[in-house]
Each structure stands twice: as structure tokens, then as C-alpha cells.
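Numbering of the sequence shown is given in this note's numbering, commencing with residue 171 and proceeding in unit increments.
The beta-carbon is built from N, C-alpha and C at its ideal position, and this holds for glycine as well.
This report refers to the structure that appears directly beneath it.
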Amino acid sequence: MSKRPFGSSLPILGYALFVAAVFLLVRGYQFNTDDQAEHLPQIYQQLDPELYPNDYFVNASNGIFTVRHYYEKLVLFVAETVGLEWGLFILTFCCVALMAFSFARIAEELFSNRWSVLLAPVLAMLVFYNFTVGGNHVMYGSFISSTIAKGISALALLQFIRQKHLLSGVILGIATLFQPLVGLQLFLILGGIELLFRRNLKSTLRFGLPYLAVAALILIPTFGRQFGETLEYDKELYYEILYRFRNHHHYIPSLFPLTHYIKFFGLLGLGLLSYNLTKPQEKNFYLGFVSLSLFGMLVYWLGLEHLGLLQIGKVQWFKTTVWMGAFSSIMIAGLAGQLLSGFVSISRFSSYVFPFSFSLFLLVILAITNSKYLPEAYQHKYMVGNRNYSDLEKMHFWIADNTEKDISVLVSPDNNAFPCQAKRSMPIHFQAIIHEPFFMLPWYGSFKEVYGVSIESLEGIDARAQAVELYHTRNYRGTEKHIDYRLDYLESCQFKDELGPTLHQEGNWVLTEFLPAE
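If you want it as C-alpha cells, here you go:
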């Protein structure tokens, strides 16, 4: 590559720290809630085995090998050393910054243009953040398995573009340990680029063999569980539950919103146009990546929705739209950078990029970690440091401090913070599942029983939304599950007079004794 636009990687690193801080400022930072309901309770039980004795999910998850095995090992180490609140925040920030740095360096490799380097991570991670299909995003404001996998994968993509195939394979293999689908999809695409577009068998092996050597640690046991299942079960019902009832936003292309397709293909079109108008130094990569990804989407759609190949849904190929969107954004950054360079030169400001970016990074991080002093609209957006807590969070903390560890609490199916904050068992819930028949079939039966929503009664495609509505209007009093208490929001609950004795109230949230039918 010719002379580097900023002289070295240090200014780009400082800028990446700033972009990562802005990403969290815009997207927010979540801790002990949302997708972490599938990740952190397992850690809390390993720290205290007395927790979750009657939980529908945690014991099943900790009793088998899961795709989160290496994620859990890392987080357990963090919990025992740094502590989860700050440790996971630091890890999240590092993953976001690593992606921002990698995207900026990719733009540097492709275009050698200062403006393109600065624009690439902003366009890919902020401006076009929601231009994907299939309910996935390029990065997250929470430390889940995909967060670390995508951050590391971005670095692997940079090394691949730099023709560092062995290093890229090793790094991508490490990413796969934390989220197999993220790494495996990129491996197939990158291997296809090297073999089919560059026709270089030697470099394909130099990339593929190190990848497989590392990734085998997760892929072999995962494939063994996913495709070596000997349990007899109703396959049609299982896939109906997994693909439509529980995960309609991830699996079936015909269920994805039309607006998502319009935005994605619009971005892809701009990316292809920008590619044709610019001259990236790596000419085969973008076209190869897009071609193989789109071909995979076509095969996935035909196989799943028209040929009845139900197992193909497990690859969730539409996840690749996040990477196509990111590289299209980088192509747009390349074109925009060339245009801006003709009007505004920033060469004289190059020496100020690092100190200016680093100063802004510190300022933004200070605000995020002290959200208590921000305007009210932002006080619950950043769940770390010196912050205010909602009434629901206060209720959860009260439960954690004042109830026996073996109780089981029924909560609304949209309360994703309960298992992480209250640290108590739930008889059933929507968020946390294991994508295997031994779990999904009993889970569905319990969900239907407790929340009153089934495949037959589902109105529309969102089972959770319907279950939330019924939770406020239908007083479940069944005896099939062990339930000690239930948690309700008084302004929504339409059977307040039928609730049992109150154990604790926090604002409009009330914890009452569960009254089974006599």
C-alpha cells in the first residue's frame, strides 16, 4: 500500500475509541437484561449453585454443552476477577472499538484516503445500522456472544483483505468459539472468495486449515448436538415452534418486513454503485463477498420455504446481510471520501486526530458512566456506573435481597431483566431458550399452558406480544408448575382484586403470592 493517510495506526485507534463511545451513546448500553437473560443466569448459578433450583432454563443450559461454552468461561473469569458490571462494560467497549478500528483500517487498505477512513466506521456502525434483514445487527450495546464474535471477526476480515490468510483464519476461528454461526458463515464466504474468485488453492488452505483447527473446538460438539440427535420427536412441530412461533424474526424470509428488504437492497445498490465509481485496491473482495452471500440467501430461501429442507434454517444465512451492509457502507465511504477530498483537505489536521478523538472519547465515556446527571430521557439508557434505577429494577433487587433462593416467580414474558437482576427461578419465560428439540417441545407446552398462546391461537406473528397482553388480562392459576409469587404492573393488570397477598410494592410494581386454583 502507498503512504498511509494518517502516517500510522495510532490516529485511527484514537478515532476508533471515539466512534465506539459515540456508538454506545447512541445505541445505549444494556447490562443484566434483554439478550443477557440467555447468557448471565448460567454465570450467576456457577458463582452460587443455590440459585435457580426450579428455573425452566438455567439448569438445562448448565447441564449440557452449548454454543455459549467459551463465552461463559470468559465471563466467569471476568466475574471472579474484575466483576461483571464494569468488566462486561469494558469488554463491550473494546469489541465495539475493535470493529470501528478494523472498518477504518479496511477503508485505509482499499482507498488510502483520509476522509474514507473517517467515514467508514461511522457509516457502517451508526448511519446504516438498521439496514439489515433478519433481525440482526453489526454490533450490540451489550456483552453477548455475538458482541465479541463480531468484534473479533471484523479484525479477521481486515487481515484477510491484507492477504494475511493464516492470521485471518486463526482470528476467525477464535471468533467462532464465541458464536459459531458468525464465524462459520464468514469462513464459507471468505474461503469461497479465495477459491472461486481468486482461484488460489494454496492461500485457501492457508486460511482454512488454521481456522478449522481452532473452530473445531466448538463446531464438532455443536454439530454433534444439532445434527446427531437420536431423540424421537415431532419434527414438523419442532421447526414450527422454533422458526415461526419463537423466532419469526430470524429464520423465515417471507416473514421479514418488506421495509427491511427495501432498506438493505437500497444500501447494497449504493454500495455497488460506489464500487463501480471508485477503484478499491482489492478488486475481487467486495463483489465476491456480495455474490456468495446473495447466492447463499437464494439457496436458503428456496431450500427452507419451497423445498422443505427444514434443517437448512439452522444456518440462518440472512445474518450475512450485516456484513454486506457493512462493506457496502465502506464502499460508500470510499466514494464519499474521494469526493470530499476534492473540496476539503484535512491533511493539516492529521496530527490532531488522536488527541482530539481521545479527548472526546473520555468526555463521552464520562457521560455514559454518570448518566444520573444527564437529562431524564437518557438516565435509563446506560446501565453502568453512577445511574438511576427504575422501579422495576428496584423491585428485582429487593427480591434478590429479601427472598429465599429457591422461590419461583411468574413474570410477564417481556420482563427480560428478572433472571439477571432478581436471580430467582421462573416457571417459564419467552426470552431464554435452547434451540434443541429436548428443550423446545416441553418449553412450548409450558408456554402455552401458562401464558395462553399457542400456534393455533396466535394472532399475527408475534407470540410474545400476544402473551404480554394476555398476562395483563388473564389470571393464570394453574397447578402444573411450581410458582410461589407473581410480579405485576398495577396500571396494566386487569384483575388486581384477584391477586394474592402483597409481599412488596415498588412504585406500580407489586409482588404477590401466587394463588393456584383450588
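Please classify residue i: does DSSP put it in a helix, a strand, or coil?
i, result
"Phe179", "The question names Phe, yet the displayed sequence has Ser at residue 179. DSSP places Ser179 in coil when its eight states are reduced to three."
"Thr539", "coil"
"Tyr199", "strand"
"Met171", "Unreliable positioning characterises Met171 in this predicted model, as indicated by a pLDDT of 45, which lies under 50. The coordinate reading is nonetheless provided below. Of the three classes helix, strand and coil, the one that applies to Met171 here is coil, per DSSP."
"Tyr552", "strand"
"Ser521", "helix"
"Leu272", "Just to set this straight, residue 272 is Ser in the shown sequence, not Leu. Three-state result, Ser272: helix."
"Ser578", "strand"
"Ser515", "coil"
"Ser595", "strand"
"Glu406", "helix"
"Pro423", "helix"
"Tyr413", "helix"
"Glu688", "coil"
"Phe665", "coil"
"Tyr310", "coil"
"Gly507", "helix"
"Val252", "coil"
"Phe601", "The sequence shown places Gln at residue 601, rather than the Phe named in the question. The answer is coil: DSSP assigns Gln601 none of H, G, I, E or B."
"Ile653", "coil"
"Phe188", "helix"
"Asp204", "helix"
"Leu360", "helix"
"Leu261", "helix"
"Leu366", "helix"
"Leu194", "helix"
"Leu690", "This structure cannot speak to residue 690, because the chain is shown only from 171 to 688."
"Leu401", "coil"
"Phe247", "helix"
How far does the beta strand (DSSP E) with residue i in it reach, from first residue to last?
i, result
"His674", "Thr672 to Glu676"
Throw me the rounded Cβ distance for the residue i and residue j pair, which I believe falls under 8 Å.
i, j, result
"Val340", "Val189", "With a Cβ gap of about 26 Å, Val340 and Val189 do not count as contacting."
"Gln212", "Val228", "6 Å"
"Ile653", "Phe684", "4 Å"
"Met565", "Leu657", "7 Å"
"Leu217", "Ala249", "6 Å"
"Phe298", "Gly495", "6 Å"
"Thr262", "Thr203", "That pair is no contact at about 13 Å."
"Val623", "Tyr646", "With 8 Å as the limit, Val623 and Tyr646 do not qualify as a contact, their Cβ atoms being about 12 Å apart."
"Glu452", "Ile331", "6 Å"
"Leu681", "Tyr655", "5 Å"
Just to confirm the assignment, what range does the alpha helix (DSSP H) spanning residue i have?
i, result
"Leu328", "Ser315 to Ile331"
"Val384", "Leu371 to Phe397"
"Gly615", "Pro607 to Tyr621"
"Phe301", "Segment: none, Phe301 is in no alpha helix (DSSP H) and carries neither H nor E."
"Phe569", "The identity of residue 569 in the sequence shown is Ile, whereas the question assumes Phe. Start and end: Asp561 to Asn572."
"Phe588", "Phe588 to Gln591"
"Tyr641", "Ala633 to Thr643"
"Ser286", "Arg284 to Val292"
Identify every residue that forms a DSSP beta bridge with residue i.
i, result
"Asp658", "Val680"
"Ser627", "Paired residue(s): none; Ser627 is not in a bridge."
"Val534", "DSSP output for Val534 lists no bridge partner at all."
Just checking residue i against the ligand ATP - is the residue's beta carbon closer than 7 Å to any of the ligand's heavy atoms?
i, result
"Gly630", "By its list of ligands, the structure shown contains no ligand whatsoever, and the ligand ATP lies outside what it can speak to."
*Where in the stretch 430-505 do unbroken runs of the alpha helix (DSSP H), each at least 4 residues long, occur, reported from the N-terminal end onward?*
Listed in chain order, the complete alpha helix (DSSP H) runs (minimum 4 residues) inside the stretch 430-505 are 453-475.
*Quick one: which unbroken alpha helix (DSSP H) runs of 4-plus residues sit fully inside the stretch 329-355? Chain order, please.*
335-348
*Can you give, in chain order, each stretch of the beta strand (DSSP E) that sits fully within the stretch 210-240 and has at least 3 residues?*
none
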